[in-house]
Amino acid sequence: MYVLIRASLLEDYVHLLSKLQSYITHNYWSYPMRTLKWDPLFDLEEETTTSIAWISFPSLPPNFFGKETIFSMAAAVGRPLQVDMATQNKTRPSCARVKVEVDLLGEFPKRINIGTRRKSGEIMEK
Numbered sequence: 023m024y025v026l027i028r029a030s031l032l033e034d035y036v037h038l039l040s041k042l043q044s045y046i047t048h049n050y051w052s053y054p055m056r057t058l059k060w061d062p063l064f065d066l067e068e069e070t071t072t073s074i075a076w077i078s079f080p081s082l083p084p085n086f087f088g089k090e091t092i093f094s095m096a097a098a099v100g101r102p103l104q105v106d107m108a109t110q111n112k113t114r115p116s117c118a119r120v121k122v123e124v125d126l127l128g129e130f131p132k133r134i135n136i137g138t139r140r141k142s143g144e145i146m147e148k
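See below:
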């Protein structure tokens with residue numbers, strides 16, 4: 023059985039897709055349910071290749087902890103969805119984490135270079 027759930031808020035969409043499994047309870051029975059992203063080419067016989075994953079950016083300088091900056095870096099891996107609370111509140115300076123929607127069959131970069139422009143115009147890469 024398949025059910026279409028339309029989330030109007032990004033937060034609801036992220037919450038639904040982040041759960042590995044949910045349960046629908048009816049008449050004292052619990053039925054497991056997997057939430058998948060809608061795909062117009064959905065085929066019952068094929069497994070989905072889309073998933074949600076957390077990625078980390080270790081040793082990121084504090085001036086790169088803004089949501090827009092982290093989202094632009096995470097876009098190299100997949101579709102950024104949300105930063106974790108420690109990153110948002112800047113309470114864990116050792117790394118930034120972001121939740122992304124990824125295609126598991128895609129290619130992922132092993133490294134993302136970032137750079138800043140000094141007042142002199144010189145670009146410094148990390």
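The numbering used here applies: residue 23 is where the sequence shown begins, and numbers increase by one. Cβ atoms here follow ideal geometry from the backbone N, Cα and C, with glycine treated the same way.
Answer yes or no: do residue i and residue j have a C-beta to C-beta separation smaller than 8 Å?
| i | j | result |
| --- | --- | --- |
| residue 166 | residue 122 | Residue 166 lies beyond the residue range present for the chain, which begins at 23 and ends at 148; the question has no answer from this structure. |
| residue 39 | residue 74 | yes |
| residue 36 | residue 77 | no |
| residue 80 | residue 116 | yes |
Quick check: what's the CA-CA separation for residue i versus residue j?
| i | j | result |
| --- | --- | --- |
| residue 72 | residue 128 | 10 Å |
| residue 134 | residue 67 | 36 Å |
| residue 102 | residue 64 | 23 Å |
| residue 34 | residue 70 | 20 Å |
| residue 137 | residue 110 | 21 Å |
| residue 29 | residue 59 | 11 Å |
| residue 54 | residue 48 | 11 Å |
| residue 108 | residue 118 | 8 Å |
| residue 95 | residue 43 | 29 Å |
| residue 52 | residue 85 | 47 Å |
| residue 130 | residue 50 | 44 Å |
Closest to residue i by C-alpha separation, out of the options, would be which residue?
| i | options | result |
| --- | --- | --- |
| residue 24 | 61, 133, 83 | 61 |
| residue 87 | 97, 114, 65, 74 | 114 |
| residue 57 | 132, 41, 48, 33 | 41 |
| residue 124 | 44, 97, 90 | 97 |
| residue 112 | 52, 26, 89, 27 | 89 |
* **Complete beta strand (DSSP E) runs within the stretch 38-104 (minimum length 3 residues, chain order)** => 44-48, 51-55, 72-80
* To do: May I have a chain-ordered list of the beta strand (DSSP E) segments no shorter than 3 residues that lie completely inside the stretch 104-131?
  => 117-125
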